[in-house]
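Okay, structure first, notes after.
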Amino acid sequence: METKLLSTGVTFSTLPASYVRPESDRPRLSVVSTCQDVPIIDLACPDRTHLLVQLREACKSYGFFQVINHGVPEEVVKNMLEVACEFFKLPVEEKMKLYSDDPSKTMRLSTSFNVKKETIRNWRDYLRLHCHPLDKYLPEWPSNPPSFKERVRKYCEEVRALGMRIEEYIGESLGLHADYMKEVLGDQGQHMAVNYYPPCPQPQLTYGLPGHTDPNALTILLQDLQVSGLQVLKDHHWLAVSPQPHAFVVNIGDQIQWLQAVSNGVYKSVWHRAVVNAEKPRLSVASFLCPSDDALISPAKQITENGSEPIYRGFTYAEYYNKFWSRNLDQEHCLELFKNH
Ligand SMILES: O=C(O)CCC(=O)C(=O)O
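Residue numbers (the working numbering): 920 to 1260.
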């Protein structure tokens, strides 16, 4: 059987040529420093004004932050990571039953990013799931390992509730009413990427995922505590974000940046990437909250009322999402394709 996946148990002594980046496009790991001042937002903070000020600052200057005391039970997080790990340890024949490189599939195990579009591969396998509404999508999720559906369902419910809460705060931190985001983003979709990055023989030559921003509204990332790999771009420098116990990394996606575009783009959709290492496999679980397909994404009225010209034209989320998946990750930023000229 053709094994398109990397998670086969076979170890490589050199990086296959299809993964090697040109010299000008390598991670330059030796010049990456650790981000020392990752904004940490304590969601149990009783002082809402303080929380909103912190959030605004984080979204403006970083486009990402970590949340602690977020209310997602530790057991649920632990179960999610364990079952993800078990999943990628399944025999390759079992995993290949779920393999697809068609991005329109709502459940698929795949590799790299968009193998049909890209010329250079990324050192990653990933399981992509749609998670909302759960009743619709859960039946198509993997039933091996046997506890997969139940554990992942629980995790999805908790993370969705957390995401909604954070979006409410984000709206308020922009001076919008608490339900603004909910109203404009509609019945939000929820997708998940369970990422598995096997040990890589030459991590300096490739990426797990190259620099990108997320096309959705908000991403909640659970990182493997043992192995780091996430890096974010700040002031033109890539910074490593060390995993923190009991925390999620939250990042602003393109749709929130766009809602904000005319307020001088204050809230950033953060550029981030995943790098790989030679010693240990790494897991991450990204949960994406996405506007409903027919949500019309345009700047908040209160923001355009000051007379500024919108930078980007309005679009439906379905239009944006399809455009995102018709490209590879290394091309010009998807939002640029919607710029008003
Ligand atoms: O693995 C990571 O830390 C980043 C994952 C990511 O950016 C993604 O799944 O879009």
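Glycine is no exception: its CB is placed at the ideal position from the N, C-alpha and C atoms.
Look at which beta carbons fall closer than 5 Å to any heavy atom of ligand 1; those residues are ALA1112, ASN1114, LEU1149, ALA1193, SER1203 and ALA1205.
Residue pairing by DSSP places ASN1114 opposite TYR1045 and SER1203 in a beta bridge.
Nearest to GLN1150 by alpha-carbon distance, out of ILE1175, GLU1077, ASN1114 and VAL1189, is VAL1189. Secondary structure at PHE1006: helix, using DSSP grouped into helix, strand and coil.
At the C-beta level, ASP1021 and THR1030 stay beyond 8 Å of one another. Rounded to whole angstroms, ARG1084 and SER932 show a C-alpha spacing of 46 Å. Taking a C-beta distance under 8 Å as the contact criterion, VAL939 and THR1125 qualify as a contact pair.
Collapsing the DSSP output to three states places CYS1253 in a helix. Relative to LYS1008, the option among LEU1046, GLY990, HIS989 and PRO992 whose CA is nearest is LEU1046. Annotation for GLU1091: LEU971 and ALA1097 place their beta carbon closer than 7 Å to its own, counting only its chain and skipping 5 residues before and after. Scanning the segment 1066 to 1137 from its first residue to its last, the whole alpha helix (DSSP H) runs of 4-plus residues come out as 1067 to 1092 and 1099 to 1104. In this structure, DSSP gives LYS1055 a helical state, which the three-state scheme calls helix. For MET1100, same chain residues with a beta-carbon under 6 Å away, outside a window of 5 residues either side, are GLU1086 and GLY1090 in chain order.
Between ILE1039 and LEU1017, the alpha-carbon positions lie close to 23 Å from each other. With a beta-carbon spacing of about 7 Å, GLY1148 and ASN1196 fall inside the 8 Å limit used to define contacts.
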